[in-house]
DNA sequence: TGTAGTAGACAACCTGGTTGTCTAACTGAG
DNA sequence: CTCAGTTAGACAACCAGGTTGTCTACTACA
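Structure follows, in structure tokens:
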């Protein structure tokens, strides 16, 4: 019995435990992926970097644009871009057609890290499949999708875990 | 079909989607809980606050202790304690038996917010149960527990999502 | 008694965000 | 053609939540 250990009397924790289980699953995947990518030479590559690069590939070709698409201020986007550029994953060159803009592009190295990241995640998923069975894992994914909605896979607003509490519109 | 939309050719994303599904599930629970607690008057109450208070109830009666138990520096623990004290969830009084120590205690208000938080999570879980069926949710929880291990529910080292990549011991 | 370890406070710093302000460049209506 | 309004990006200041390092006061112990 894991539920209820070491907690004061009368506290049933199934709901909170469920949340921790989900967080634990996410973290175990992401930690393993980050470690594996680091081992392959892509040190300190974070999920947010992947999100940003996918948004760039998806058409966000300026910092402001990237900010809008990832629901983050353009300054935050610019900071992310700066590290991606510095590591060679993204290129930033003045737009000949509009001198205000710096046009972003994912470099071949950037595409490679995305490809590798994907492979790593597929491998991790395969490991889970071996542990649980293909049917059970598929069912788990389907059930999760039912619960959180298909849009859970959308990537906007990544950082906001505890914002906008009940009508606190600023 | 949600997989593969808007992504470049040849990218299968089942593994990464699974991670996003888990994150989405966690966030949807925690966001809802935070919002509900705020609506009940506990504004800006975060999961880390709950973890800290549970650790205090569990016996971490000084800042250093809390730091050790939640795998965080004692200074970070002290900062968390400062906000909990300031909001009235935790009391901090000099230990008559040891003048170095400030003894921490969760106040009645603190216990109330924990109780309410739990109720909120139970309600959220019940909602999921209605959506998915009791059997399916129980199976999902069991499967997740299998995958991440029972210790996923443990609360130490909360913040470290992407640390310690593959033998990078400093 | 003297020495080693512990609790906590303080300061400086880092990361990943935020807002505000400013300039340069583009756009479109008149 | 011009001028007002939007836009892109840069810079500065700030914040939250962590970190490390240093210092003092106190306790424990041989």
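Protein chains in written order, with my numbering: chain U, 1 to 170; chain R, 1001 to 1170. Backbone N, C-alpha and C define an ideal beta-carbon position, used for all residues, glycine too.
Neighbourhood of residue i by C-beta distance below 8 Å, restricted to the same chain and skipping five residues each side
i: residue 1085 of chain R; result: 1091 and 1092
i: residue 1045 of chain R; result: 1034, 1037, 1038, 1113 and 1117
i: residue 104 of chain U; result: 56, 60, 61, 62, 63, 66, 81, 90, 91 and 92
Buried or exposed by the 16-neighbour rule on C-beta atoms within 10 Å, applied to residue i
i: residue 1017 of chain R; result: buried
i: residue 115 of chain U; result: exposed
i: residue 94 of chain U; result: exposed
i: residue 1098 of chain R; result: exposed
i: residue 143 of chain U; result: buried
i: residue 1055 of chain R; result: buried
i: residue 134 of chain U; result: exposed
i: residue 96 of chain U; result: exposed
i: residue 41 of chain U; result: exposed
i: residue 13 of chain U; result: buried
i: residue 77 of chain U; result: buried
i: residue 130 of chain U; result: exposed
i: residue 149 of chain U; result: exposed
Rounded distance between the beta-carbons of residue j and residue i, thought under 8 Å
i: residue 30 of chain U; j: residue 1019 of chain R; result: 6 Å
i: residue 1037 of chain R; j: residue 15 of chain U; result: Not confirmed; about 13 Å, so no contact.
i: residue 1147 of chain R; j: residue 147 of chain U; result: With 8 Å as the limit, residue 1147 of chain R and residue 147 of chain U do not qualify as a contact, their Cβ atoms being about 16 Å apart.
i: residue 21 of chain U; j: residue 1145 of chain R; result: 6 Å
i: residue 1026 of chain R; j: residue 121 of chain U; result: Not confirmed; about 17 Å, so no contact.
Simplified DSSP assignment, three categories, for residue i
i: residue 168 of chain U; result: Reliability of the predicted coordinates at residue 168 of chain U is poor, the pLDDT of 29 falling under 50, and the value obtained from them is presented with this limitation in mind. Reduced to three states, the DSSP call for residue 168 of chain U is coil.
i: residue 1070 of chain R; result: coil
i: residue 40 of chain U; result: coil
i: residue 45 of chain U; result: coil
i: residue 1013 of chain R; result: coil
i: residue 1060 of chain R; result: coil
i: residue 125 of chain U; result: helix
i: residue 149 of chain U; result: coil
i: residue 133 of chain U; result: coil
i: residue 29 of chain U; result: helix
Proximal residues to residue i (C-beta, below 6 Å), its chain only, five neighbours per side dropped
i: residue 1110 of chain R; result: 1053, 1089 and 1090
i: residue 1064 of chain R; result: 1074
i: residue 1062 of chain R; result: 1101
i: residue 60 of chain U; result: 66 and 69
i: residue 1023 of chain R; result: none
i: residue 28 of chain U; result: none
Near the ligand GDP: residue i beta-carbon under 8 Å from a heavy atom
i: residue 47 of chain U; result: In the structure on display, the ligand GDP does not appear, and there are no ligands present to speak of.
Own chain residues within Cβ distance below 7 Å of residue i, not counting five before or after
i: residue 50 of chain U; result: 114 and 117
i: residue 1128 of chain R; result: 1137
i: residue 1107 of chain R; result: 1088, 1089, 1090 and 1091
i: residue 57 of chain U; result: 106
Secondary structure, beta strand (DSSP E): runs of 3+ residues fully inside the stretch 1079-1119 of chain R: 1090-1094 and 1102-1106
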